[in-house]
Amino acid sequence: MNKYLISGNSVIAEAAIRAGCQCYFGYPITPQNELTEYMALHLSRKEGCTFIQAESEISAINMVYGASIAGARAMTSSSSPGISLKQEGISYLAACELPAVIVNMMRGGPGLGSISASQSDYFQATRGGGHGDYRTIVLSPASGQELADLTQRAFDLADNYRTPVIILGDGMLGQMMEPVEFHKEAPENLSTKSWALKGAKDRPSKIIKTFTSNPNELEEINWRLFRKYRLIEREEVDYETYMVEDAELIVIAYGIAARIAKGAIKKARAHNLKVGMLRPITLWPFPFKKIQEISKRVQYFFVFEMNMGQMIEDVQLALEGNGEISFYGRPGGVIPTPSEVFRILSRQYYQKGLNR
Amino acid sequence: MNKYLISGNSVIAEAAIRAGCQCYFGYPITPQNELTEYMALHLSRKEGCTFIQAESEISAINMVYGASIAGARAMTSSSSPGISLKQEGISYLAACELPAVIVNMMRGGPGLGSISASQSDYFQATRGGGHGDYRTIVLSPASGQELADLTQRAFDLADNYRTPVIILGDGMLGQMMEPVEFHKEAPENLSTKSWALKGAKDRPSKIIKTFTSNPNELEEINWRLFRKYRLIEREEVDYETYMVEDAELIVIAYGIAARIAKGAIKKARAHNLKVGMLRPITLWPFPFKKIQEISKRVQYFFVFEMNMGQMIEDVQLALEGNGEISFYGRPGGVIPTPSEVFRILSRQYYQKGLNR
Amino acid sequence: MKAKVKMKGYIEINQESCKGCQICFYFCPKSSISDSGSINSSGYFSACFSDNSECNACGICAIVCPEAAIEVYRE
Amino acid sequence: MKAKVKMKGYIEINQESCKGCQICFYFCPKSSISDSGSINSSGYFSACFSDNSECNACGICAIVCPEAAIEVYRE
Amino acid sequence: MTIKTVYKRPKLLKERLFHYCPGCGHSVIHKLLCEVIDEMNLKERIVCIPPPGCSVFAYNYLDIDMAESAHGRGAAVATGIKRVSPETIVFTYQGDGDLSAIGTAETIHAANREEKITAIFVNNAVYGMTGGQMAPTTMIGQKTTTSPYGREVNKEGYPLKMSEILSVVEGTVYIERTAVNSPKNIKKTKKAISKAFQVQIDNLGFSMVEILSPCPTNWKMSPIESWHWVDKEMVKEFPLGVIKDRIKVKKC
Amino acid sequence: MTIKTVYKRPKLLKERLFHYCPGCGHSVIHKLLCEVIDEMNLKERIVCIPPPGCSVFAYNYLDIDMAESAHGRGAAVATGIKRVSPETIVFTYQGDGDLSAIGTAETIHAANREEKITAIFVNNAVYGMTGGQMAPTTMIGQKTTTSPYGREVNKEGYPLKMSEILSVVEGTVYIERTAVNSPKNIKKTKKAISKAFQVQIDNLGFSMVEILSPCPTNWKMSPIESWHWVDKEMVKEFPLGVIKDRIKVKKC
Amino acid sequence: MLIKTIFSGFGGQGVLSMGYNLSRAGMLEGKMTTYLPSYGAEVRGGTANCTVAISDEEIASPVASSPEFIIVMNQPSFIRFQNLLQSGGVFLVNSSLVNIETTRGDIEVVEVPATQLAEELGNTKVANMVMLGAFVKKSNLISIKTLIEGIKETLGKTKPALVDINKKALNTGYNLF
Amino acid sequence: MLIKTIFSGFGGQGVLSMGYNLSRAGMLEGKMTTYLPSYGAEVRGGTANCTVAISDEEIASPVASSPEFIIVMNQPSFIRFQNLLQSGGVFLVNSSLVNIETTRGDIEVVEVPATQLAEELGNTKVANMVMLGAFVKKSNLISIKTLIEGIKETLGKTKPALVDINKKALNTGYNLF
Ligand SMILES: Cc1ncc(C[n+]2csc(CCOP(=O)(O)OP(=O)(O)O)c2C)c(N)n1
Ligand SMILES: Cc1ncc(C[n+]2csc(CCOP(=O)(O)OP(=O)(O)O)c2C)c(N)n1
Ligand code: SF4
Ligand code: SF4
Ligand code: SF4
Ligand code: SF4
Ligand code: SF4
Ligand code: SF4
Ligand SMILES: [Mg+2]
Ligand SMILES: [Mg+2]
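Protein chains in written order, with numbering that gives the first Met the number 0: chain A, 0 to 355; chain B, 0 to 355; chain C, 0 to 74; chain D, 0 to 74; chain E, 0 to 251; chain F, 0 to 251; chain G, 0 to 176; chain H, 0 to 176.
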C-alpha cells in the first residue's frame with residue numbers, strides 16, 4: 000500500500016521533490032505554509048538541493064530566477080498577495096525563457112483579504128499579472144491526486160517549453176488531506192541544460208538578458224515567445240469532461256469549484272436533470288476548441304467560480320455568442336456547497352425549460 | 000496665450016498639481032522620469048504638499064496608500080516593470096476603497112524589455128494584475144491635451160468612487176511635446192474626506208482594513224465592490240468615434256496607437272475607403288455597448304494594438320461573434336507608422352471585398 | 000524611625016478574560032494567586048485570588064497579566 | 000650607489016576608442032599626452048602622445064584611461 | 000475605609016477577549032500602548048498601523064484610529080500619513096517577520112529620511128501568525144517549522160539585529176530594546192514607548208522600540224517558560240537597553 | 000632593442016566601444032574586472048549579474064557569462080545561482096540605486112545568510128541610467144533632477160552608508176570601500192576586487208567592494224572635475240578603506 | 000454513502016488527531032476520504048475543529064455544511080456547532096466538560112464522559128480517543144480494528160510508549176454502549 | 000501639409016534645442032506640432048536626435064519614418080540618417096564637420112558650414128542656431144521672426160546674455176541663401 004493521507008500542500012512538495020526539484024525558495028503565507036515546511040524538512044538536507052526561506056516573496060522569485068539560470072529545477076510557492084509581489088519576477092522568467100514552477104494557493108482578496116480558499120486570481124494567472132506580452136502555463140488541480148500528477152507535469156512542461164508554469168490551487172486544496180499515490184520516483188539524472196550559465200568553459204561566454212535599446216530586437220523576442228505560446232496552445236490543452244454526452248446544460252468550473260460542481264451534478268442527475276461538466280485542467284491554454292465543439296450540440300452553459308466572474312470571459316470568448324451562459328460565483332473565500340450549486344443550476348435548468 | 004509646448008510626462012504632473020494632488024511618491028524609471036522630476040521641482044516646495052522619491056516602487060505605492068488614508072489626493076507613476084511591483088499595493092487600495100491615481104507610461108516588455116513605447120500592459124491594467132476580485136478605472140489618453148484633461152478627471156473619479164484610477168500612457172506620449180492648455184486651476188479647497196484617519200477626535204475610533212477571518216464578511220466587501228464596479232460601468236464609459244457614420248470597416252485602437260490609426264484612416268479616406276475608428280478612452284469600463292451598437296451596421300473590425308493582442312479580447316467579448324475581427328499588432332516597443340497601418344488595413348478592406 | 004505600615008490590598012480577577020497562563024502566580028511576591036480549578040467558557044483553567052493572603056496591592060500581577068484580567072485595589 | 004637608469008617608453012592611443020576625457024593628460028607625470036585637435040568618428044577630440052616626450056612607461060595613463068584606449072610599451 | 004484603585008483595565012482597551020495565546024507578549028504590549036496613549040493624551044491625534052501578523056486584529060483591542068498595512072510596508076504607509084498630517088502621531092506596530100524581513104528596505108529608508116514616525120517592533124523570534132516559521136531574528140540552533148533541524152548560520156545566517164543596523168542609519172533619533180517578560184522589563188518598555196512617542200511629538204525624527212516578546216505557542220513552551228526564555232536566550236543575542244539616543248543632539 | 004609591453008588592453012575586454020560617457024568610472028571598473036578575472040583565471044567558472052543601470056550593457060564588454068537581474072535583486076539572483084553551483088564564482092555588479100535603494104533588503108539578507116557571493120557596488124551618488132536622479136547615496140545639498148534644490152536632510156535623509164550598515168550584519172566577511180579616481184585608488188580597487196573574489200573562492204562568505212565612481216554627466220562636471228569631486232566631497236561622507244575583515248576569523 | 004463528521008474542542012484536546020485518524024482508517028479500508036483541519040487565525044485563542052468525509056465514491060466538497068455527526072469536546076463547541084448538525088444527525092458530547100443541554104429535538108445526543116473516563120485511565124489527554132472509540136461504535140463507519148492498526152502505525156513511529164494507552168482509550172469508548 | 004524634420008548630432012551640439020525651438024515656433028504660429036526627443040540609453044555615448052512634426056491638422060505620429068527634412072550636425076549622423084530621408088527630401092549637412100558625400104541621387108543636399116560660421120561669430124555653441132536659420136529659410140515652414148521671438152522668450156528667462164548671439168546666428172544661417 001503506497002497511499003498517503005497527506006495535505007495538498009505537502010503533496011505538491013513531495014511531488015516536486017520526486018520530479019527532481021532541486022531548489023525551493025519560499026516565504027511564509029497562509030494557506031500554503033505546509034508546502035514550505037515540507038520542503039524545509041525534506042529538501043533542505045537532500046544532497047545537492049537547496050531550501051531557502053527568503054526574506055520576501057520578491058527575493059524568493061528572484062532566487063528561482065537565479066537557480067533556473069544555473070540550470071536547476073526550481074520552485075516557489077505563495078498565496079494571492081505574495082503572488083502579486085512576484086509578478087515582475089515572473090515577467091522576467093517568461094522574457095528570459097527560464098523554466099520555473101510557481102504555486103499559488105489562492106485565498107480571498109483583494110488586499111489582505113481572508114485566508115480561506117478562493118479563485119480570484121484567475122485573471123492574474125491566465126493574463127499575466129506582470130508587465131509585457133507574455134503568458135504562463137496555468138495548471139488547475141482539483142484533488143490531492145491531481146496535485147501530485149500536475150506538479151510533476153509542471154516541471155516537465157517548464158523545461159520543455161522553457162517557460163514559467165503556474166499551479167493554481169487554493170487554500171482548501173492545500174489544507175485538505177486526501178489519499179494520494181505518487182507515481183514517479185525522483186529522476187536519476189535530468190538532462191543538463193545547454194543554455195545554463197556556470198562560467199565560460201570550453202565555449203564562448205553567454206548572456207541571459209532581456210534588455211535592449213533596439214525595439215526591433217525586442218519585437219523579435221516577443222514574436223518568438225508568441226510562436227511558442229501558439230505551440231503550447233496547440234499541444235498542451237487539457238480538460239476533463241463529466242457526463243457531457245447527453246447533457247442539456249454544461250457546467251464549466253475548475254479546481255475545487257469543479258469538485259463542488261460535480262457534487263451538484265450528481266444531485267441533478269439524481270433528479271433526472273441532464274447536466275454535465277467541462278473542467279479545464281489547463282486554464283492557459285484554455286480549452287476553447289472543446290467548448291466550441293460542445294456548443295454545437297449544447298445551448299446552455301453554467302459557469303461556476305469562487306470569485307465574481309473571471310473565467311466566464313474565456314467561456315464567452317470560446318462561445319462567441321453561440322450559447323447562453325449563466326454565472327454563479329461567490330467571492331471572498333466563501334466555499335459554496337454542492338447543494339447550493341445544485342439549487343442554482345436546477346433553477347436555471349427549469350427556467351430554460353430544459354426539463355421539457 | 001496659455002499654450003505650453005511641454006512633454007507628456009510634465010503635462011500629467013502639471014495637471015495633477017492643478018487637480019489638487021497634494022502628494023506624489025515615485026521612483027525613477029524611463030520613460031516617465033520627467034513626471035517625477037517635474038514634481039520634484041514644482042510640488043516639493045508647495046505649501047502642504049509632499050514629494051518623496053521612495054526607495055522602491057513598492058514603497059511608493061504604499062506611501063500613496065498612507066497619504067490616501069490621511070485624506071490627501073495622492074499619486075504615483077512608473078513604467079511597466081515598476082507597475083508590476085505595485086500590484087499588491089493597488090489591490091490593497093482597491094480593497095480598502097482608497098482613492099489614488101497611478102500612472103503607467105508603458106514600455107516594451109516582458110522583463111526589463113526596452114524603453115520604447117508599447118501597450119503591452121493592457122491586461123494588467125484592465126484585469127487587475129494584483130490578486131483578488133477588483134478592478135481599477137483605466138484611462139487611455141492619446142495626446143498631450145488629453146493627458147491634461149484625463150489626469151484631472153482621474154483625481155475626481157478616484158475620489159468620487161473611492162477607487163484607484165490608472166492612467167495608461169506610454170513612453171511616446173510621455174516623451175513627446177505638444178502644445179497643451181490647462182483648463183482647470185488648482186481647486187482652493189477639496190472637500191474633506193470623512194473617512195480619513197487623523198486620530199479619534201470628536202468621534203469614535205475608526206479602522207481601515209481588509210483582513211477578516213470570516214469569509215462571509217469579505218464576501219460582503221467583494222459584493223460591495225462589485226456593485227460599485229457595475230455603477231462605474233454604467234456611468235463612466237468614454238470613447239471617441241471618428242468617421243464611423245458611413246464606415247464599412249471600423250478600426251478599434253486606443254492611446255498612441257489610435258493616433259497612428261487616425262493617420263492611416265485619413266490615408267484610407269483619401270483612397271475612398273470607408274474606414275472609421277472607435278477609440279476607447281476608458282479601457283475599463285470598456286465601451287462594450289457602443290461596439291455592439293456599431294456592429295448592428297458594420298461587419299468588419301480591425302483591432303490595432305502595440306502588443307501581441309490584448310484589447311482584442313474585449314472587442315471579441317463585445318461582438319459575441321457578430322462581426323469579423325482582424326488584428327494588427329507590433330510588440331516590443333516598435334512604433335508602427337500610419338502608412339504601415341494603412342497598408343494592412345487597406346489590404347483587409349480589399350480582401351473582404353468592401354470596396355465593391 | 001517610621002513604623003513599617005503594612006499595606007493591605009486585594010485583587011479582582013475577571014474569570015472570563017483569564018487564560019490561565021499562570022504568569023501572575025509566578026510573579027506575585029506574596030503567592031496570592033493560584034489555579035481556581037475551574038474551566039471558563041474559553042476552556043481555560045482560570046486563576047483565583049486567595050482572600051486571606053498577604054497581598055499588599057503591589058500591582059505586579061496586574062502589570063504582568065497579558066489579558067488585563069486583574070484589577071488591583073488597596074484598602 | 001647605482002646610477003639612475005632612465006627608462007624610455009612610449010604609448011599607443013587608439014584614436015577611435017578615445018573619448019577625449021583628458022584624464023590621462025592630467026595624470027601623466029611627464030605631461031606626454033595632449034589634445035590631438037582632431038575629432039574621431041564618435042565626435043570626440045582624441046588624445047595624442049608627444050613622441051619626443053619624457054615618457055618612462057610608468058603606465059599611469061593606461062591605468063586611468065576609462066576607454067582602455069592606451070597601450071604602454073618600454074624600449 | 001477608602002478603597003484606592005491601584006490598577007484598572009486600561010481605558011483605551013476595548014472590552015473584548017484577546018485572541019492571543021495564553022502568555023503572549025502582544026497582549027502585554029497592547030495594554031502598555033493603551034496606557035501610554037491615554038496618559039499622554041494622544042487618542043485624538045494618533046493613528047496606528049498594525050501589520051499582517053498575530054497582531055493583525057490589534058484594531059479589535061485598541062480604541063484608536065488604525066489602518067492595516069500590507070506585510071512589511073508599515074513604515075511607508077506611516078510616511079504617507081505623517082507627511083499629509085504632520086500633527087498626527089503615527090506609529091507602526093510590526094512583528095519581526097514584518098519589520099526585519101520583508102520590510103527591511105521600507106524601515107531603513109524611512110528611518111534614514113528622518114521620518115517623524117515611531118515603530119513598535121515586536122520581536123518574538125518567529126513568524127507567529129503563519130505558524131512559527133523561522134524569522135530573521137530566530138536564534139542560532141532554534142528549531143522552527145522552517146528550520147526543523149535548528150537554524151544554521153552557514154545557510155540561514157545570524158539573528159538579524161535591526162536595532163543595531165538602524166542605529167548606524169543616521170536618520171534615527173531614538174532606539175531602545177526592551178522586553179515584556181517581567182514586571183521590571185514591562186515597566187521599562189512602557190517608559191521606552193512614551194519616550195519614543197515624545198520624540199515624535201517633539202518632531203525630532205524616527206524612533207523605535209524593539210520589544211522582545213514571548214511566543215509560548217511557537218516556542219513550544221509553557222507561558223512562564225517562554226517568559227524565562229527571553230532572558231535566558233534572547234537577551235544574549237539581543238541585549239536590552241538604549242541603543243541610540245540623539246534626542247539631545249537633535250534638540251539643540 | 001627589445002620592446003616590453005607594460006600595459007595592454009585586457010584580454011577579457013571585448014573589442015567594442017564603451018557606451019559610457021567620457022570619464023565615467025564604470026569603464027575603469029570594467030577594465031579592472033577583466034584584469035582580475037583573467038589574472039585569477041576565473042573566466043571558466045565565473046558568472047556576473049549586471050543590473051539595470053548605466054552598466055546594463057556590461058555584457059557587451061566583459062567576455063564572461065552574464066545574466067541580467069531585475070532592478071535591485073542581484074543578491075537574490077546570485078544566491079540562486081550560487082546555491083545550485085557552489086563551484087561557480089558569482090558576483091553582482093550593482094549601482095547605488097540598485098543596491099542601496101530598491102535592493103536594500105535583498106543585499107542585507109543575502110549578506111546575513113553568509114551567501115558566498117561578491118557584490119561590486121558602484122556608488123556614483125546618483126541614478127545614472129535614468130538621468131541623474133537622487134540616490135540614497137547622494138550628498139547632502141547635492142542637486143539632482145529629483146532634488147533640484149539640493150538634498151535636504153530633514154526630508155530626504157542622509158547619504159546611506161551601505162558598507163557600514165552591512166558591516167553590522169554578522170554574515171559579512173569582507174567589505175572595503177575604494178574609489179576609481181586616481182592611479183593609486185584604481186590600483187587599490189583592483190586589489191580589493193581580487194581579495195573579495197578570494198573570499199568567495201575560499202568559501203568564507205559574503206564580500207563586497209564599494210567603489211566610489213565618477214559620473215561627470217549627471218554631476219554636470221568635466222571628467223577631471225568629477226574625478227576630483229570624489230576626493231573633495233564623496234570621500235568625506237564615504238571614507239575609503241577596509242570596513243570589515245573577518246577573513247582571519249573565518250579561516251580558523 | 001457520504002458521511003461527514005465535525006470534531007471540535009479546545010486546542011489541547013486532540014481534536015485534529017481524532018479526525019486525522021478516522022480519515023486515515025477510512026483510507027486503509029479503501030474508502031474515499033477527506034480530512035480538513037481548521038487553520039489560520041482561527042487556531043489562535045484555543046479552539047480547533049476539523050471535518051472528515053468518508054464515502055464510497057468521489058467526495059465533492061470536504062466542507063460539511065450539514066454533517067451527519069458532530070463531536071464536541073467542550074462547551075463553546077457545543078454552542079457553536081449544535082445547529083449545524085443535520086436533522087436526524089448524531090451529536091456526541093463530552094459530558095465531562097459540557098453541562099448544558101441541546102435545544103434541538105430532531106437530533107440524537109450521545110453523552111460520553113470522555114475526559115472523566117480518560118482520567119480514570121490515568122491520562123486526560125486520551126479523552127479524544129475515548130470519544131473516537133465511542134464514535135466508531137455509534138457511526139459504524141469503519142472498524143475499530145483498522146483504527147487501532149492505523150494508530151499503531153502512526154504513533155508507533157513517533158511515540159511508541161503511548162500506543163497502549165491510546166488503544167485502551169479507544170476500546171473504552173467503543174465498549175461504552 | 001504635414002512636414003517632419005529630424006535633427007541629429009553629437010550630445011553637445013544642441014540638436015534638441017533646435018528641434019524644441021522649431022516646434023515651439025510652430026505652436027506660436029498656431030500650427031499643430033509635436034516634438035519628440037531621443038531618450039534613454041541612446042543618450043549615452045554622445046549622440047542625440049529629435050523629430051519635429053509641423054502640420055495644419057492633427058498629427059498622427061510624432062515619429063518620422065521618412066521625413067521631409069533631415070539636419071545632420073556630424074558625420075555619424077550623416078551615415079545613420081541619410082537613407083531615412085524621403086525621396087526628394089532636403090538633407091542639411093553641417094559641412095564643417097562632415098567630409099563625406101551622399102550616395103543618393105534623389106535628395107537635395109544643402110551644405111551649411113555651421114560650426115565654422117559659429118566660430119566666426121565667436122561661439123561654436125551656436126552652430127545649431129546657424130543651422131536652424133538655414134533650415135528655416137530652406138523649409139519655409141515658419142517665419143524667422145516667430146522663431147527669434149520664441150527664443151527671446153525662452154532664453155530671455157534663463158540666459159538673457161545669450162539672446163543676442165543666438166539671434167545673430169539664426170540670421171547668419173537664414174541669410175546664407
Ligand atoms: C505579502 C505577504 N506575504 C506573506 C504574508 C503572510 N504573513 C502574514 S503575517 C506574517 C508574518 C508574521 O510574523 P511576524 O511579523 O513576526 O509577526 P508575529 O505574528 O510573529 O507577531 C506573514 C508572513 C502576507 N500577509 N502578505
Ligand atoms: C523595477 C524597476 N524600477 C526602475 C527601473 C529603472 N532603472 C533602471 S536603472 C535604475 C537605477 C540606476 O541607478 P544606479 O543603480 O545607481 O546605477 P547607475 O546607472 O548610476 O550606474 C533604475 C531606477 C527598472 N529598470 N526597474
Ligand atoms: S497586587 Fe501584588 S501581592 Fe497582590 S496579588 Fe497582585 S502581585 Fe500579589
Ligand atoms: S496572568 Fe492573567 S491570564 Fe494569566 S493566569 Fe493570571 S489572571 Fe489569568
Ligand atoms: S606611460 Fe606614464 S609617462 Fe608615459 S605617457 Fe603614460 S603616464 Fe605619461
Ligand atoms: S584617458 Fe583615454 S579616453 Fe581619456 S583622453 Fe586619455 S586616451 Fe582618451
Ligand atoms: S502564536 Fe505566538 S505571537 Fe501569536 S498569539 Fe500565539 S503566542 Fe502570541
Ligand atoms: S551617466 Fe554617469 S554613470 Fe552613466 S555612463 Fe554617464 S558618466 Fe557613467
Ligand atoms: Mg514574530
Ligand atoms: Mg548610481
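Ideal Cβ positions, reconstructed from N, Cα and C, are used throughout, including at glycine.
All values derive from a computational prediction rather than experimental measurement.
Where residue i and residue j are concerned, what is the direct C-alpha to C-alpha distance, given to the nearest angstrom?
i: B/S78; j: H/S64; result: 25 Å
i: H/I99; j: H/I69; result: 16 Å
i: B/M310; j: B/S139; result: 12 Å
i: A/E304; j: E/P222; result: 44 Å
i: B/I206; j: E/D64; result: 6 Å
So residue i contacts chain A; which residues on that side make the cut at Cβ distance below 7 Å?
i: E/M133; result: Q52
i: B/L58; result: Note on identity: in this sequence residue 58 of chain B is Ser, with Leu being the wrong assignment. The contacting residues do not exist; B/S58 stays about 12 Å from chain A at best.
Over the uninterrupted alpha helix (DSSP H) stretch that includes residue i, give me the two end residues.
i: F/V248; result: 246-250
i: F/S26; result: 24-38
In chain A, which residues lie less than 8 Å from residue i when you measure between Cβ atoms?
i: F/D64; result: L196, K197, G198, A199, S204, K205, I206
Counting along the chain, where does the beta strand (DSSP E) carrying residue i start and finish?
i: B/V7; result: The amino acid occupying residue 7 of chain B in the given sequence is Gly; Val does not appear at that position. Premise fails: B/G7 lies in the alpha helix (DSSP H), 7-17, not in any beta strand (DSSP E).
i: F/K13; result: Element bounds for F/K13: n/a, residue is neither H nor E.
Below 8 Å on C-beta distance, what does residue i contact in chain B?
i: A/A73; result: Those within 8 Å of A/A73 in chain B number zero; the least Cβ separation is about 17 Å.
Starting from residue i, find everything on chain H with Cβ-Cβ shorter than 8 Å and list it in chain order.
i: B/L367; result: In the structure displayed, chain B extends from 0 to 355; residue 367 of chain B sits before or after that span and is not available.
Can you tell me which of the three DSSP states residue i falls into?
i: A/T209; result: coil
May I have a chain-ordered list of the alpha helix (DSSP H) segments no shorter than 4 residues that lie completely inside the region 160-208 of chain E?
-> Residue ranges of uninterrupted alpha helix (DSSP H) with 4 or more members, entirely inside the region 160-208 of chain E and ordered along the chain, are 161-167, 182-200.
Starting from the N-terminal side, write out each stretch of the beta strand (DSSP E) that is 3 residues or longer and does not extend beyond the region 240-312 of chain B.
The qualifying runs are 248-251, 274-279, 281-283, 299-304.
Next item on the list: Report the residue ranges of all alpha helix (DSSP H) runs contained in full by the region 210-245 of chain F; include only those spanning at least 4 residues, in chain order.
Entry: If only uninterrupted alpha helix (DSSP H) runs of at least 4 residues are considered, those enclosed by the region 210-245 of chain F are 215-218, 222-228.
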